[in-house]
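Down below is the structure, laid out as structure tokens.
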Ligand SMILES: Cc1ncc(COP(=O)(O)O)c(C=O)c1O
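Numbering (this note's numbering), first residue to last: 274 to 548.
Shown next, in the form of structure tokens:
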């Protein structure tokens, strides 16, 4: 009997049953707007707060540092555009890699049309950006380094902790420079710790870890100035206007909780699958 087998979990994953069960009440009886001050609103707000804790925990962040978005693409746009718009006076040079997902690459290409200069660092045969190349490319006017944690096609894991150390050392010398990493393919598969990486901004997407499409988050280190890209209400501490999609956010939180619980097993399983 012919049976199809899905082998593309880096593109997307099905929704976990437990995740679905967690979100359903927020589509039906618990339908409140998290900005409403009455009971229904407070119920929704409490659910968003709980999810914010769950998402923060999987990357060792503080809940207040999590900005919910519509997914990894929006998180990358908010990180890169938001950071450079808020800090443009410090420089117009961005460093990224030649193997970023289009949600980073196309943002950078668009910024080039607006007068920013972007360096696309190559990777070696091992698929990794050389830390020496990163160090040698930093200029007086470099304000942002955006290098992914794990690649979506070849699975290579970049030396993000080394990059984080480099950026911190530059900052200790008084330079205005920040580090963003697209960790969409890493969260829930390998340990991701924003303190160990030393990044300022980190993108996540829920549909890579058994939650629905259309929700993600950007980690924004406390104190990092970011210019909002979505103007509207005061949601997400003025960093992303728009009524929160409570069912999606609840699902994302639950998926993070489950992914964290299963992390060592998942990491071991993935390692065994490698040739
Ligand atoms: C590395 C990486 N970044 C960003 C994205 C975009 O995330 P989303 O589909 O949530 O917009 C993806 C999705 O494939 C990805 O693999």
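For every residue, glycine included, the Cβ atom is placed at its ideal position computed from N, Cα and C.
Here the structure is a predicted model, which means the values were calculated and not measured.
- Proximity to residue 282 across 441, 300, 363, 459 peaks at 459, based on C-alpha coordinates.
- Looking only at 469, 314, 287, 275, the smallest Cα-Cα distance to residue 481 is reached by 287.
- The shortest CA-to-CA distance from residue 389 to any of 320, 396, 368 is the one to 368.
- The beta carbon of residue 518 sits no closer than 7 Å to any heavy atom of ligand 1.
- In the structure shown, residue 417 adopts extended strand secondary structure according to DSSP, grouped into three states.
- Annotated three-state conformation of residue 460 is strand, per DSSP.
- A check of alpha carbon separations from residue 376 across 419, 298, 471 identifies 419 as the nearest.
- Remark: C-beta atoms of residue 414 and residue 364 approach each other more closely than 8 Å.
- Residue environment for residue 325: buried (at least 16 other C-beta atoms within 10 angstroms of its C-beta).
- Per the DSSP secondary-structure output, residue 368 pairs in a beta bridge with 392, 418.
- Residue burial annotation: residue 426 is exposed, with fewer than 16 other C-beta atoms found within 10 angstroms of its C-beta.
- With contacts defined as CB atoms closer than 8 Å, residue 380 and residue 354 qualify as a contacting pair.
- With contact defined as three or more Cβ pairs closer than 8 Å, the stretch 461-481 and the stretch 528-548 are in contact.
- Here residue 293 has 524 as same chain residues with Cβ atoms under 8 Å from its own Cβ, once five neighbours each way along the sequence are excluded.
- Of the residues assessed, residue 311 falls on the exposed side of the cut-off, its CB having fewer than 16 other CB atoms within 10 angstroms.
- For residue 498, the CB contacts under 7 Å within the same chain, skipping 5 residues up- and downstream, are 359, 360 in chain order.
- For the 8 Å CB-CB criterion, residue 429 and residue 406 do not form a contact.
- Residue burial annotation: residue 473 is buried, with at least 16 other C-beta atoms found within 10 angstroms of its C-beta.
- Pairwise C-beta distances place the stretch 342-357 in contact with the stretch 484-498, as three or more of them are shorter than 8 Å.
- Of the heavy atoms belonging to ligand 1, at least one sits nearer than 7 Å to the Cβ of residue 457.
- At a Cβ-Cβ threshold of 8 Å, residue 455 and residue 373 count as neighbours.
- At least one heavy atom of ligand 1 lies closer than 7 Å to the C-beta of residue 346.
- Considering only 304, 289, 411, the residue with the shortest C-alpha distance to residue 391 is 411.
- The alpha-carbon of residue 408 is positioned some 10 Å away from that of residue 443.
- Here the distance from the Cβ of residue 478 to the nearest heavy atom of ligand 1 is below 7 Å.
- The beta carbon of residue 520 is closer than 7 Å to those of 296, 299, 300 in its chain, skipping five residues each way along the sequence.
- Going by beta carbons, residue 484 and residue 432 fall outside the 8 Å limit.
- Listed in chain order, the non-local C-beta contacts of residue 514 below 8 Å within the same chain comprise 501, 503, 504, 505, 506, 507, 508, local neighbours out to five positions each way being set aside.
- Setting aside the 5 residues that flank it on each side, residue 307 is surrounded in the same chain by 314, 317, 318, 321, 517, 519, each with a C-beta closer than 7 Å to its C-beta; the list follows chain order.
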